[in-house]
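K.L.:
There are 2 protein chains.
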Amino acid sequence: MDLTARKRKILGLLVERYIKTAEPVSSGEIKALYGEDISSATIRSELASLEELGYLVQPHVSAGRIPTEVAYKLYVENILAGEKKEIRVAGVRDYLDKKIVEIEDVVRNTARVISDATNYTSVIVIKNTDDIRIREVKLVEVDAGRALVVIITDSGVIKDNIIEIPVNMGSGYVSAANEVVNDLFADKTLRDIRAGVMNIDEEMMQYHDIFDKIINLLEAYASGRHDKVFVEGTSKMFAHPEFSEIDNARDFIRLLDEKEKLGELMTNDGDIELSVRIGKPDGIEGNCSMVTARYSIGGAEIGKAGVIGPERMDYDKVVSVLHYIQKVFNGEADPDDKEKKNGEIRKRK
Amino acid sequence: MDLTARKRKILGLLVERYIKTAEPVSSGEIKALYGEDISSATIRSELASLEELGYLVQPHVSAGRIPTEVAYKLYVENILAGEKKEIRVAGVRDYLDKKIVEIEDVVRNTARVISDATNYTSVIVIKNTDDIRIREVKLVEVDAGRALVVIITDSGVIKDNIIEIPVNMGSGYVSAANEVVNDLFADKTLRDIRAGVMNIDEEMMQYHDIFDKIINLLEAYASGRHDKVFVEGTSKMFAHPEFSEIDNARDFIRLLDEKEKLGELMTNDGDIELSVRIGKPDGIEGNCSMVTARYSIGGAEIGKAGVIGPERMDYDKVVSVLHYIQKVFNGEADPDDKEKKNGEIRKRK
DNA sequence: GTTAGCACTCTCTGCCTCTGACTGCTAACA
DNA sequence: TGTTAGCAGTCAGAGGCAGAGAGTGCTAAC
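Protein chains in written order, with this note's numbering: chain U, 464 to 812; chain B, 464 to 812.
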């Protein structure tokens with residue numbers, strides 16, 4: 464269903480206007496924004512036509528128009544197709560540069576930065592994919608009968624957990640187990656482990672108990688049940704008028720409160736680098752939209768970072784911010800100061 | 464200001480009634496609840512007197528009465544003074560018994576259990592006090608130039624963090640540093656470390672860099688800035704009518720959103736085992752109350768667990784739930800099944 | 001001190017009207 | 001055929017008003 468250039472322009476202006484004001488947009492307002500000379504009557508007839516095509520609705524007959532989900536989708540398509548603005552966000556590199564890659568700290572910080580930069584609620588999921596490669600597994604004896612399992616992966620220390628170990632096995636037992644366990648798991652992915660790509664020989668069987676526990680731990684990550692979900696800037700929602708309706712506010716908070724569901728929602732958008740999902744047609748409840756970006760550290764996918772807000776969201780800004788942060792994580796973005804110092808010309812698509 | 468027995472009874476009934484219904488309570492309702500024969504007119508004159516004393520207010524002249532903060536405080540005093548009910552909460556022991564004491568998991572679970580049992584939003588703070596005693600510090604080499612610092616305390620593994628270490632120092636360097644660092648920090652409290660109760664001799668100076676970093680980490684915990692705050696059941700607030708007012712809802716979410724403030728609020732109630740704070744006079748914004756319990760594992764204080772809800776809160780239930788969980792953590796409560804099996808008679812205060 | 005009766009107050013709800021904002025339609029125009 | 005000005009029509013929202021209902025304070029009697 465192809466629109467004329469004028470329809471497209473009017474629709475675009477209307478969507479942008481509505482994103483700004485949250486009020487139905489009248490033909491008069493569009494006339495003022497349009498630039499070239501055009502009468503409001505003409506615009507009215509175009510609006511009526513756009514309504515018939517399903518891009519607009521009228522709350523009531525004597526009101527202006529508001530965009531439908533279809534209109535937002537078209538609008539977002541244009542943004543994604545065009546050249547991406549890059550909104551540099553202060554403070555993103557600061558903590559990345561510190562190289563203290565305790566993932567949770569980085570994630571919490573990033574979530575806050577995203578939320579502050581966009582003025583929406585941000586969500587980050589640390590995804591535990593099967594493809595994360597284990598670099599090393601360490602057993603650290605905590606006290607008699609318990610040991611800390613530290614799993615070091617491509618992308619940092621993902622998780623640690625305490626397991627019980629047999630007692631009274633002699634002083635060398637744990638360090639011996641440590642070595643054997645490490646030999647066994649190092650350089651495997653979770654997928655490998657699940658598929659049983661391991662040679663367990665006689666000698667190893669004495670550590671069978673420990674193997675089982677570690678495998679259980681690893682499977683627990685892999686199962687996705689332990690996706691860690693971080694939410695920041697919940698209260699930012701109140702800045703947007705749609706959430707002064709108590710029912711909308713409740714739906715929104717419920718969505719955030721059910722962390723497992725939220726995590727699943729974040730990750731089930733397929734294999735897309737940057738996905739925008741708008742309202743019910745995309746499975747988001749409660750008149751909400753969600754923009755998520757996949758992010759990686761050192762080539763390995765870590766999870767998704769995103770923003771949740773009203774359907775009437777400043778998609779342009781949000782997409783730009785997420786895109787920038789995605790690049791920073793991927794190591795593609797130059798640090799600001801470096802750029803200034805050598806005056807190098809950055810090439811961007 | 465001593466009240467007559469009748470005034471106390473009427474006030475108690477009124478508070479309980481209001482906690483249940485959230486509607487101003489009329490003299491007629493109290494008459495129905497009172498039990499003995501008494502006329503509504505008598506009650507009315509008592510109510511007028513209680514209002515004058517500051518325990519009640521009337522939203523408007525033709526409405527019933529609602530309790531003031533003073534009234535709640537009196538009511539709570541009575542609860543705390545009396546015999547504590549013990550509300551056994553299913554599922555508390557389950558994960559404690561697993562002995563997987565990765566503190567964060569336990570905390571997250573506990574928060575959820577509290578929230579579900581009380582139907583209010585629950586908050587848990589892992590407090591990093593100066594008195595936590597370090598049992599062991601382990602350095603685990605992650606890769607060239609980085610090591611994981613695991614700090615094991617009286618009450619489990621509190622935190623782990625990655626620090627940078629000097630490279631090219633030879634293969635034995637980290638394990639040697641490990642030993643020295645452990646000798647230095649083991650059996651010290653954060654307070655000791657801060658006070659400089661450590662003998663650093665010549666030989667140790669070569670690991671100076673690592674010491675500094677570890678001390679920085681420890682100080683960061685001690686400073687309280689890294690208090691970890693867990694919130695569960697945010698959306699439960701919507702079950703309570705005071706939060707259908709959008710302003711109240713916003714204030715509440717803001718409070719939860721500012722984790723640092725919230726953490727401070729949780730911990731600044733002095734040295735009380737179980738504290739109930741009601742409204743503005745106790746520094747809680749937005750017509751809210753907060754019930755918090757100190758909890759410990761193995762004698763060492765870990766932090767605070769609590770509930771935030773409207774001033775009109777079911778204090779009796781909340782106090783009972785928190786009290787029970789406190790006991791479970793302290794190892795004072797018998798497991799349900801054990802109790803059933805041997806038919807032992809529990810002695811409770 | 002307690003109670004019944006009664007007048008009084010105030011909120012809440014529904015109803016009405018008025019105003020303002022926009023639209024759709026029509027007829028004239030380029 | 002597309003565009004425009006003018007105008008009548010529609011509807012949400014605000015403001016005002018009346019009636020019902022709830023609950024009180026007061027008074028006088030017990």
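Ideal placement from N, C-alpha and C gives every residue a C-beta, glycine not left out.
These numbers were taken from a predicted model, which means no experiment stands behind them.
Could you give the first and the last residue of the continuous alpha helix (DSSP H) run that contains residue 589 of chain B?
P.N.:
Start at 1 with the first residue of the second sequence, and residue 589 of chain B comes out as number 126. It is not in any alpha helix (DSSP H) - residue 589 of chain B instead sits in the beta strand (DSSP E) that spans 584-589.
K.L.:
I believe residue 478 of chain B touches residue 534 of chain B by the beta-carbon criterion, under 8 Å. Please report the beta-carbon distance rounded to the nearest angstrom.
P.N.:
Locating residue 478 of chain B in the second sequence gives position 15, where the first residue counts as 1. Locating residue 534 of chain B in the second sequence gives position 71, where the first residue counts as 1. Right, the Cβ-Cβ distance comes to about 6 Å (below 8 Å), so this counts as a contact.
K.L.:
Using a Cβ cut-off of 8 Å, pull out every chain U residue sitting near residue 577 of chain B, in sequence order please.
P.N.:
Locating residue 577 of chain B in the second sequence gives position 114, where the first residue counts as 1. Neighbours of residue 577 of chain B on chain U: none; closest Cβ ~15 Å, over 8 Å.
K.L.:
Buried or exposed: which applies to residue 584 of chain U, given that a residue is buried once 16 or more other Cβ atoms fall within 10 Å of its Cβ?
P.N.:
By one-based count along the first sequence, residue 584 of chain U stands at place 121. Classification of residue 584 of chain U: buried, given that the 10 Å Cβ count is 16 or more.
K.L.:
Is it buried or exposed for residue 786 of chain U, if we count other Cβ within 10 angstroms and need 16 for buried?
P.N.:
Within the first sequence, residue 786 of chain U is the residue found at index 323, counting from 1. Classification for residue 786 of chain U: buried.
K.L.:
Which class does residue 802 of chain B belong to by DSSP, given the choice of helix, strand or coil?
P.N.:
The sequence position of residue 802 of chain B within the second sequence is 339, counting from 1. Per-residue confidence for residue 802 of chain B stands at a pLDDT of 38, beneath the threshold of 50, marking its modelled position as unreliable; no derived number is given.
K.L.:
Could you spell out where the beta strand (DSSP E) holding residue 694 of chain U opens and where it closes?
P.N.:
Here residue 694 of chain U is taken as the residue at index 231 of the first sequence, counted from 1. Element bounds for residue 694 of chain U: 691-695.
K.L.:
Just to confirm the assignment, what range does the alpha helix (DSSP H) spanning residue 542 of chain B have?
P.N.:
Along the second sequence, read from residue 1 onward, the residue named residue 542 of chain B stands at position 79. Where residue 542 of chain B is concerned, the enclosing alpha helix (DSSP H) stretches over 532-544.
K.L.:
With a floor of 4 residues, list each alpha helix (DSSP H) that falls wholly inside the segment 473-512 of chain U, ordered by position along the chain.
P.N.:
Segments of the alpha helix (DSSP H) lying fully in the segment 473-512 of chain U: 490-497.
K.L.:
Would residue 640 of chain B be called buried (16 or more neighbouring beta carbons within 10 Å of its own) or exposed?
P.N.:
Within the second sequence, the letter at position 177 stands for residue 640 of chain B. It counts as buried.
K.L.:
For the alpha helix (DSSP H) that residue 647 of chain B lies in, which residues bound it at each end?
P.N.:
Numbered from its first residue, the second sequence carries residue 647 of chain B at position 184. Looking at the DSSP string, the run of the alpha helix (DSSP H) that includes residue 647 of chain B is 636-648.
K.L.:
Please identify, using Cβ separations under 9 Å, the residues of the segment 465-498 of chain U that lie next to chain B, in order along the chain.
P.N.:
Against chain B - using a Cβ distance shorter than 9 Å - the segment 465-498 of chain U contributes no residues.
K.L.:
Look up residue 611 of chain B in the DSSP assignment and give the residues it is bridged to.
P.N.:
One-based indexing of the second sequence puts residue 611 of chain B at position 148. Partner(s): B:603 and B:625.
K.L.:
Pull up the distance between the alpha-carbon of residue 497 of chain B and that of residue 543 of chain B, whole angstroms please.
P.N.:
If you number the second sequence from 1, residue 497 of chain B lands on position 34. If you number the second sequence from 1, residue 543 of chain B lands on position 80. Cα to Cα, the separation comes out at about 23 Å.
K.L.:
Evaluate residue 755 of chain U with the Cβ neighbour count: other Cβ atoms within 10 Å of its Cβ, from every protein chain shown; 16 or more gives buried, anything less gives exposed.
P.N.:
Position 292 of the first sequence, counted from the first residue, corresponds to residue 755 of chain U. Residue 755 of chain U comes out buried.
K.L.:
What runs of the alpha helix (DSSP H), each 4 residues or longer, lie entirely inside the segment 694-768 of chain U?
P.N.:
If we require 4 residues or more, the alpha helix (DSSP H) runs fully inside the segment 694-768 of chain U come out as 709-720 and 722-730.
K.L.:
Who are residue 596 of chain B's beta bridge partners in DSSP?
P.N.:
The count along the second sequence starts at 1 and reaches residue 596 of chain B at position 133. DSSP output for residue 596 of chain B lists B:652 as bridge partner(s).
K.L.:
Would you mind stating whether residue 775 of chain U and residue 693 of chain U have Cβ atoms separated by less than 8 Å?
P.N.:
Residue numbering aside, residue 775 of chain U sits at position 312 when the first sequence is read from its first letter. Residue numbering aside, residue 693 of chain U sits at position 230 when the first sequence is read from its first letter. Going by C-beta atoms, residue 775 of chain U is not nearer than 8 Å to residue 693 of chain U.
K.L.:
Any idea what DSSP makes of residue 770 of chain B, helix, strand or coil?
P.N.:
Counted from its first residue, the second sequence places residue 770 of chain B at position 307. Three-state DSSP puts residue 770 of chain B in a strand.
K.L.:
Consult DSSP for residue 788 of chain U and reduce its assignment to one of helix, strand or coil.
P.N.:
Position 325 of the first sequence, counted from the first residue, corresponds to residue 788 of chain U. Of the three classes helix, strand and coil, the one that applies to residue 788 of chain U here is helix, per DSSP.
K.L.:
Taking the alpha carbon of residue 793 of chain B as the reference point, which residue from B:492, B:709, B:539 and B:762 has its own alpha carbon closest?
P.N.:
One-based indexing of the second sequence puts residue 793 of chain B at position 330. The shortest Cα separation from residue 793 of chain B among B:492, B:709, B:539 and B:762 belongs to B:762.
K.L.:
So, for residue 738 of chain B: in the same chain, excluding its five sequence neighbours on each side, which residues have a beta-carbon less than 6 Å away from its beta-carbon?
P.N.:
Here residue 738 of chain B corresponds to residue number 275 of the second sequence, with the count starting at 1. Within the same chain, residue 738 of chain B has close Cβ partners 732 and 755.
K.L.:
Taking DSSP as the reference, what is the three-state secondary structure of residue 616 of chain U?
P.N.:
Counted from its first residue, the first sequence places residue 616 of chain U at position 153. If DSSP states are grouped into helix, strand and coil, residue 616 of chain U belongs with the strands.
K.L.:
Taking just the CA atoms, how far does residue 638 of chain U sit from residue 718 of chain U?
P.N.:
Position 255 of the first sequence, counting from 1, holds the residue named residue 718 of chain U. Position 175 of the first sequence, counting from 1, holds the residue named residue 638 of chain U. C-alpha separation (whole angstroms): 45 Å.
K.L.:
Measuring CB atoms only, is the segment 484-502 of chain B touching the segment 523-534 of chain B, in the sense that at least three cross pairs come out at less than 8 Å?
P.N.:
Verdict: yes, contact present.
K.L.:
Say whether chain B places a C-beta atom closer than 8 Å to the C-beta of residue 720 of chain U.
P.N.:
Counted from its first residue, the first sequence places residue 720 of chain U at position 257. By this cut-off, residue 720 of chain U is an interface position.
K.L.:
Within a Cβ cutoff of 6 Å, which residues of the same chain sit near residue 695 of chain B, ignoring the five residues on either side of it in sequence?
P.N.:
Working through the second sequence from its first residue, we reach residue 695 of chain B at position 232. Result list for residue 695 of chain B: 574, 575, 578 and 585, in chain order.
K.L.:
How many Å lie between residue 652 of chain U and residue 676 of chain U at the Cα?
P.N.:
As a first step, residue 652 of chain U is located in the first sequence; it is residue number 189 there, counting from the start. As a first step, residue 676 of chain U is located in the first sequence; it is residue number 213 there, counting from the start. Spanning the two alpha carbons is a distance of roughly 17 Å.
K.L.:
Could you check whether the Cβ of residue 603 of chain B sits closer than 8 Å to any Cβ belonging to chain U?
P.N.:
Within the second sequence, numbered from 1, the residue matching residue 603 of chain B stands at position 140. Closer than 8 Å to some Cβ of chain U, the Cβ of residue 603 of chain B qualifies, so yes.
K.L.:
Consider the Cβ of residue 697 of chain U: report whether some Cβ of chain B lies at a distance smaller than 8 Å.
P.N.:
Here residue 697 of chain U refers to the residue found at position 234 when the first sequence is read from its first residue. Interface residue, yes.
K.L.:
Rounded to whole angstroms, what is the Cα-Cα separation between residue 773 of chain B and residue 536 of chain B?
P.N.:
Position 310 of the second sequence holds residue 773 of chain B. Position 73 of the second sequence holds residue 536 of chain B. When rounded, the distance between both Cα atoms is 14 Å.
K.L.:
Would DSSP call residue 520 of chain U helix, strand or coil?
P.N.:
As a position in the first sequence, residue 520 of chain U is number 57, starting the count at 1. Reduced to three states, the DSSP call for residue 520 of chain U is strand.
K.L.:
For a contact meaning CB atoms closer than 9 Å, what does residue 709 of chain B contact in chain U?
P.N.:
Mapped onto the second sequence, residue 709 of chain B falls at position 246. Residues of chain U passing the Cβ test: 701, 706, 707, 708, 709 and 712.
K.L.:
Distance cutoff 8 Å, beta carbons only. Does residue 716 of chain B sit that close to anything in chain U?
P.N.:
Along the second sequence, one-based indexing puts residue 716 of chain B at 253. Yes, residue 716 of chain B lies at the interface with chain U (some Cβ there is under 8 Å from its Cβ).
K.L.:
Helix, strand or coil for residue 469 of chain U? Go by DSSP, reduced to three states.
P.N.:
In the first sequence, residue 469 of chain U corresponds to position 6, counting from 1. Here residue 469 of chain U sits in helix by DSSP.
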